[in-house]
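Protein chains in written order, with numbering that gives the first Met the number 0: chain A, 0 to 122; chain B, 0 to 866. Cβ atoms here follow ideal geometry from the backbone N, Cα and C, with glycine treated the same way. Model, not experiment: these values are computed from the prediction.
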Amino acid sequence: MTTRKNSDNRIALLQGTLDLLILKTLLLGPCHGQGVASAIQRRSEEVFFVDHGSLYLALQRLEDKEWITAEWGLSENNRRARFYSLMPKGRAQLIEKTSEWQRLTRAMGLILGDGTVQNPEEA
Amino acid sequence: MAQRKRSGEDFAQEIQSHLELETEALKRQGMSEDAALQKAKSEFGSVSVARERFYLRGRAEWLENLVRDARFAVRQLLKNPGFTATAVLVMALGIGASVAIFAFVDAALIKPLPYESPSRLVNLFESNLTGPRFHLSYLDYLDWKRMNSVFSSMSVYVQDDFMLSTPQGTRQVDGVRVSDGFLRTLGVRPLLGRDFHDGEDLTSASSTVLLTYAEWQNRYGARPDIVGQSATLNGTAATIIGVLPRDFHFAPAAPGGFFLTIAPRDNCGKQRGCHNFLGVARLKDGVAVAAADAEMKTIAEQLEKKYPDTNRNRGANVISLTDMIVGDVRPILMVLLSGAGLLLLIASVNVASLLLVRTENRKREIALRGALGATPARLMRQFVTEGLVLTTCGSLLGIGGAFTAMQALPRLIPVDRMASMPYLQGMGLNARVLGFALIVSAIAGMLFSLAPLLRISFANLRQGLTEGGRNAAGTLWRRFGSNLVVIELATAMVLLVGAGLLGKSFYRLMHVNMGLQPQNLAMMRISGSASRYSTDTAKVDFEHRILGKLQGLPGVTSVALSSDLPVGDGDGLKTIAFAEKPNLGDHNEVNDRQVSTGYFATLQAQMLRGRGIAESDDSSSPRVTIINQTLAKRYFPNESPLGQHIGSDVSKYPLEIVGVVDDIREGPLETATLPAMYMPSNQEPDSAFFVIVRTSQAAQSFLPRMDAAIHQVDPGIATYNAMTMDDHIHDSQSAYFHRSSAWLVGSFAGMALLLGVVGLYGVIAYSVSQRTREIGIRMALGAHRDSIHRMVLREAGRLAIVGIAIGLVFSVGAGSLMRGLLFGVRSWDASVLCAVVGVLAAAALLASYLPARRAASVNPMDALRAE
Numbered sequence: 000m001t002t003r004k005n006s007d008n009r010i011a012l013l014q015g016t017l018d019l020l021i022l023k024t025l026l027l028g029p030c031h032g033q034g035v036a037s038a039i040q041r042r043s044e045e046v047f048f049v050d051h052g053s054l055y056l057a058l059q060r061l062e063d064k065e066w067i068t069a070e071w072g073l074s075e076n077n078r079r080a081r082f083y084s085l086m087p088k089g090r091a092q093l094i095e096k097t098s099e100w101q102r103l104t105r106a107m108g109l110i111l112g113d114g115t116v117q118n119p120e121e122a
Numbered sequence: 000m001a002q003r004k005r006s007g008e009d010f011a012q013e014i015q016s017h018l019e020l021e022t023e024a025l026k027r028q029g030m031s032e033d034a035a036l037q038k039a040k041s042e043f044g045s046v047s048v049a050r051e052r053f054y055l056r057g058r059a060e061w062l063e064n065l066v067r068d069a070r071f072a073v074r075q076l077l078k079n080p081g082f083t084a085t086a087v088l089v090m091a092l093g094i095g096a097s098v099a100i101f102a103f104v105d106a107a108l109i110k111p112l113p114y115e116s117p118s119r120l121v122n123l124f125e126s127n128l129t130g131p132r133f134h135l136s137y138l139d140y141l142d143w144k145r146m147n148s149v150f151s152s153m154s155v156y157v158q159d160d161f162m163l164s165t166p167q168g169t170r171q172v173d174g175v176r177v178s179d180g181f182l183r184t185l186g187v188r189p190l191l192g193r194d195f196h197d198g199e200d201l202t203s204a205s206s207t208v209l210l211t212y213a214e215w216q217n218r219y220g221a222r223p224d225i226v227g228q229s230a231t232l233n234g235t236a237a238t239i240i241g242v243l244p245r246d247f248h249f250a251p252a253a254p255g256g257f258f259l260t261i262a263p264r265d266n267c268g269k270q271r272g273c274h275n276f277l278g279v280a281r282l283k284d285g286v287a288v289a290a291a292d293a294e295m296k297t298i299a300e301q302l303e304k305k306y307p308d309t310n311r312n313r314g315a316n317v318i319s320l321t322d323m324i325v326g327d328v329r330p331i332l333m334v335l336l337s338g339a340g341l342l343l344l345i346a347s348v349n350v351a352s353l354l355l356v357r358t359e360n361r362k363r364e365i366a367l368r369g370a371l372g373a374t375p376a377r378l379m380r381q382f383v384t385e386g387l388v389l390t391t392c393g394s395l396l397g398i399g400g401a402f403t404a405m406q407a408l409p410r411l412i413p414v415d416r417m418a419s420m421p422y423l424q425g426m427g428l429n430a431r432v433l434g435f436a437l438i439v440s441a442i443a444g445m446l447f448s449l450a451p452l453l454r455i456s457f458a459n460l461r462q463g464l465t466e467g468g469r470n471a472a473g474t475l476w477r478r479f480g481s482n483l484v485v486i487e488l489a490t491a492m493v494l495l496v497g498a499g500l501l502g503k504s505f506y507r508l509m510h511v512n513m514g515l516q517p518q519n520l521a522m523m524r525i526s527g528s529a530s531r532y533s534t535d536t537a538k539v540d541f542e543h544r545i546l547g548k549l550q551g552l553p554g555v556t557s558v559a560l561s562s563d564l565p566v567g568d569g570d571g572l573k574t575i576a577f578a579e580k581p582n583l584g585d586h587n588e589v590n591d592r593q594v595s596t597g598y599f600a601t602l603q604a605q606m607l608r609g610r611g612i613a614e615s616d617d618s619s620s621p622r623v624t625i626i627n628q629t630l631a632k633r634y635f636p637n638e639s640p641l642g643q644h645i646g647s648d649v650s651k652y653p654l655e656i657v658g659v660v661d662d663i664r665e666g667p668l669e670t671a672t673l674p675a676m677y678m679p680s681n682q683e684p685d686s687a688f689f690v691i692v693r694t695s696q697a698a699q700s701f702l703p704r705m706d707a708a709i710h711q712v713d714p715g716i717a718t719y720n721a722m723t724m725d726d727h728i729h730d731s732q733s734a735y736f737h738r739s740s741a742w743l744v745g746s747f748a749g750m751a752l753l754l755g756v757v758g759l760y761g762v763i764a765y766s767v768s769q770r771t772r773e774i775g776i777r778m779a780l781g782a783h784r785d786s787i788h789r790m791v792l793r794e795a796g797r798l799a800i801v802g803i804a805i806g807l808v809f810s811v812g813a814g815s816l817m818r819g820l821l822f823g824v825r826s827w828d829a830s831v832l833c834a835v836v837g838v839l840a841a842a843a844l845l846a847s848y849l850p851a852r853r854a855a856s857v858n859p860m861d862a863l864r865a866e
């Protein structure tokens, strides 16, 4: 399996969404940068492609804001890697941004979806 | 937790580890070591770029965001071209007008005069019973200079003109005569050559000359070897000893040109009663103008006692030179600057109000972007960027407009009027004007960046997704905006009425009955050498040769000469008496003119009674005169003036009235014609006069041929003031005054109208955007689109009517205040008032039409759901 079998279907990440995706990935446990990138690609069914330069800058930005923290450790294959983990501030942000995002996608769905997108909570 | 700086080395290691991890993952998928490494690297992209971005991350992020914000702002602004164009245009107008006027203020009032410590210079006058600003005699000047203790130096000057001999014939040139120390008093050194030596005015008057920079450039082609050359002035050769600095000007004796010394050894210099000069002096350190004035008045009193014959009632008057030069324009400029400032303020408030309307409509977008993770700070920065982009565009356009206006405006001022304000020549976009423009723009930019922020509560971004913003602040703004619009409309109304009245005055003025047909008249003043044409016979012969030469030119219908031109300053007065009316009293002043046979025919003036001037009216025949209709009516109301006798002396009445001509406008256009009498030039000849030619083609193109023909008669004749009668009337003091005031008030009125319309649009559009829900409910309840349309128009109409009504009251008031400026128009001229009300009503309708249409096209379901 190759990671780029249909690169035309990939979508560049929207401004501001990368932070949310990083926080969500780290919710599952500490992870290094390469792991975060491949997790995002894998879990989006290869639709999102993460620009690695932007990823590491975003990680650094979140670290500066103290939403996540980082330390050097060893990977499962005994390779040195910088592991990131979620901080309480980041966890709070994740909850808030997720609910905002859901309201947004629901609103977008209502407008774009011709009623085919059903929201089970309100239908 | 303390922030610790992470090293670039650490970041590089992290990238290295990423590549290793990635390679390993790929190898597990079955790739070879090399291929996996290759792919990991290509997938990562440029490592060096990533490292660079890490190094620069603080700055890079800021810069990147700035660029992105600016690009986004431009996109946002382009998405709504109507809004953007209006805001930029209004801004540009406000900034352009104030910067252009500031440039005038700077040139006239702020930029120091081109002398050393100009504030220490004063101008000296003698005062007499008629007024405070009269000339000094040379002997008084010497006494003032000797007796005073308040001036470190004192000089005199007088404006003069000279006859310059050139290869193309004699030309009249402007100049100044000054005493030896004149330039040293001002603290000015010549750019080339030397200043006048001490005593040079006594030893070698008129044999040395200094040129102004402009004269050197234009007449002598900026020759570097100019010093030492000679110029023949009034028939005498003078050595050019120097060139004055480029920025030098001296308005009291403008336009300058040739600077010669005074000639105090002539007759006038020996008589205390011959007043020929104005004084300029430099105050000693620590002496105030008032103290100098007091001392000079004391000295004048002493001289009055000593020389009672010549110095009775002659005082002294000392005023600061700066006040003398720019005192007249200062109040006008200050009024203009305040007007421009007010316009700018209104323009800014209008743009701010437009921005508020836009912010209101963008609440959803803001909430959406907040939901996508934009922080309040980022959103604020976005608005600030948009405000700055808008301001930058408006300012650049405004400064460009101001620059164009600065080039164009001085050209609207007639040349001789411009010459009396030489300080305006240096006007331009200098550092002070640019600084002013930048400060004004910065303030506007701040206002426009912050205005939208007031209306957005970033803490409650999410509410924006679901709620419309109806709150107290919005209502307050609406009320403030409405009042502002009423004031704007009223101001526009007053200015429009003012412009209309002045415009109509100007029209009436240009169509006043002048008693002549001004089209196709070419005119020129000529002056023959006084020594060559000294006797009356020689003068008459000279006149005949000139007239004969011009009459023979192709395209000439008729020719005439006259001692003065019609539509002049109304000067050339003479006191008269009548043989048949001994008891008329004093002060019977009339205009007197010496004209040739063809004068009335050339002007196409109407003879009413008797005959015109005949060729046979010469020195051998009885003296005759033609009087105008006004003189006939005033002094001979119920009898025929023909055959009656006039004289300028009560004992002698040499002139017989032989004809009456319909009034020719001798004085300014707006003043009633004075009584006038016309004498045959053959009986009172002169060697200097105006020639007037009626041509069959355009008069302007005839002027050069006229000049050449006159010089063929005698190359020593000086010709000047060549122009057509149309231009003469157009450039006359009263036409210039009425035209420029109509233009000035008109341009302010145009800007005020535009601002009023934009303001009205802003307020109505804001109101509609706030009332979308209400409109939706009304429509859901069955209101027709037409009625919504009417509702919005009614709101706009109410503001417009209140504004127009208030404006009307003030217009009539303003109209009667400017009664003195009007000509042939009443201050409550109905046609002007009606036209202005019509224009304002149409403009108001236009401004409210767009928001009304938007309101009427609201979809009730959308409106209700949106709230």
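Ranked by Cα distance from B/Leu494, the options B/Ser164, B/Ile803 and B/Ala34 are led by B/Ile803. The residues Ala36 and Ile39, in chain order, have a CB closer than 6 Å to that of A/Val49 in the same chain once the five nearest residues on each side in sequence are set aside. Taking C-beta separations shorter than 6 Å and ignoring five residues to either side along the sequence, the partners of B/Thr490 in its chain run Ala751, following chain order. Between the stretch 847–861 of chain B and the stretch 761–781 of chain B, the count of Cβ pairs shorter than 8 Å is three or higher; the stretches touch.
By the criterion of a C-beta distance shorter than 7 Å, B/Leu501 is surrounded in its chain by His737, Ser740, Ala741, Val744 and Leu820, once the five residues flanking it on both sides are discounted. Under the 10 Å beta carbon count, B/Asp591 is surrounded by 16 or more other beta carbons and is classified as buried. Residue pairing from DSSP places B/Ala280 in a beta bridge opposite B/Val121 and B/Met153. Annotation: A/Ala69 to A/Leu17 spans about 18 Å, alpha carbon to alpha carbon. Each of B/Asn316, B/Asp662, B/Leu25 and B/Ile345 was checked against the Cα of B/Leu754, and the nearest Cα belongs to B/Ile345.
Only buried fits B/Arg176, as 16 or more other CB atoms lie within 10 angstroms of its CB.
Shown here, A/Gln40 sits in a helix according to DSSP, grouped into three states. Contact note: B/Leu65 does not reach chain A at a C-beta cutoff of 9 Å; the least C-beta distance is about 15 Å. With fewer than 16 other CB atoms across the displayed protein chains lying within 10 angstroms of its CB, B/His510 is exposed. Not a single C-beta of chain B is nearer than 8 Å to the C-beta of A/Glu70.
Taken in chain order, the complete alpha helix (DSSP H) segments of 4 residues or longer contained in the stretch 265–341 of chain B are 266–269, 288–305, 307–310 and 320–325. Closer than 8 Å to the CB of A/Tyr83 there is not a single CB belonging to chain B.
Cβ-Cβ distances below 6 Å link B/Asp292 to Val317 in the same chain, with the five nearest sequence neighbours on each side left out; the list follows chain order. The beta carbon of B/Phe133 lies closer than 7 Å to those of Phe124, Glu125, Ser126, Asn127 and His274 in the same chain, with the five residues before and after it left out.
Every beta strand (DSSP E) stretch that sits fully inside the stretch 597–637 of chain B and reaches 3 residues is listed by chain position as 606–609 and 623–627. Out of B/Arg50, B/Thr321, B/Leu20 and B/Asp570, the CA that lies nearest to the CA of B/Ala106 is found in B/Thr321. Counting along the chain, A/Asp18 sits inside the alpha helix (DSSP H) bounded by residues Thr16 to Leu26.
By the Cβ-count criterion, B/Phe101 is buried, with 16 or more other Cβ atoms from all chains shown falling within 10 Å of its own Cβ.
Under the DSSP assignment, A/Glu75 falls outside any beta strand (DSSP E); it carries neither an H nor an E label. Distance from the CA atom of B/Glu359 to the CA atom of B/Ser352, rounded to whole angstroms, is 11 Å. Counting C-beta pairs closer than 8 Å gives fewer than three between the stretch 329–338 of chain B and the stretch 154–161 of chain B, which falls short of the contact rule. Counted as a single uninterrupted DSSP element, the alpha helix (DSSP H) harbouring B/Thr390 occupies residues Pro375 to Leu411. In the assembly as shown, B/Asn349 is a buried residue. Its beta-carbon has 16 or more other beta-carbons within 10 Å.
Residue state for B/Asp224 is assigned as coil, using DSSP reduced to three classes. Using a 10 angstroms sphere on the CB of B/His248, the tally of other CB atoms reaches 16 or more, which defines it as buried.
In this structure, B/Ala576 keeps its C-beta atom at 8 Å or more from the C-beta atom of B/Ala339. Taking a Cβ-Cβ cut-off of 9 Å, the neighbours of A/Gly32 in chain B comprise Glu13, Ile14, Ser16, His17 and Leu20, given in sequence order. Remark: C-beta atoms of B/Thr169 and B/Gly715 approach each other more closely than 8 Å.
Proximity of chain A to B/Arg52 at the Cβ level (cut-off 9 Å) is accounted for by Gly52, Ser53, Tyr55 and Leu56, in chain order. Note that the C-beta distance between B/Val762 and B/Val328 is not below 8 Å. Contact between B/Gly806 and B/Leu367 is ruled out by a C-beta separation of about 44 Å, above the 8 Å threshold. Residue contact with chain B for A/Trp100: present (Cβ-Cβ distance below 8 Å to some residue of chain B).
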